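Down below is the structure, laid out as structure tokens.
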């Protein structure tokens, strides 16, 4: 969903008496500004030497990550990074079906621009899972 500008919100509010009464444009603006952003990607192939890449569609700040392990792998972890710098801690990904939340997010790395490529690196070749990035637009 594209962000609604303040000018567009004002136009929407004035389009129709019902829209004006409901402040429809204002509501659309607030939803576009303050809704959470959720980006999910599956790591299905070995990502220990070549990380799984994800392109960020719009400027956002990462609040936390979730790792859902889809295969058992001793000492398995998945880490969200910007280039080679970690954004999240290494999230455990050793037990099939286990869900783990990031314990830390590096605030110096958590703000991403539209078009930024982030990547998910695994500790071992058999570390498989779904990583979900949750944040807000900036």
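Residue numbers (this note's numbering): 38 to 175. Where is the CB? At the ideal position from N, CA and C, for every residue including glycine. A quick note: this is a predicted structure, and the numbers were derived from the prediction, not measured.
Proximity winner among the options, relative to residue i (alpha-carbon distances)
| i | options | result |
| --- | --- | --- |
| residue 132 | 150, 113, 143 and 42 | 113 |
| residue 140 | 150, 99 and 119 | 99 |
For residue i, the residue or residues it bridges with in DSSP
| i | result |
| --- | --- |
| residue 128 | 115 |
| residue 156 | 90 and 118 |
| residue 142 | 125 |
| residue 147 | DSSP, once it has assigned bridges, lists no residue as partnering residue 147. |
| residue 74 | 172 |
Under 8 Å between C-beta atoms of residue i and residue j
| i | j | result |
| --- | --- | --- |
| residue 134 | residue 106 | yes |
| residue 117 | residue 155 | yes |
| residue 85 | residue 144 | no |
Where residue i sits in the DSSP three-state scheme
| i | result |
| --- | --- |
| residue 63 | helix |
| residue 101 | strand |
Rounded Cβ spacing between residue i and residue j (contact assumed at less than 8 Å)
| i | j | result |
| --- | --- | --- |
| residue 124 | residue 142 | 6 Å |
| residue 50 | residue 57 | 5 Å |
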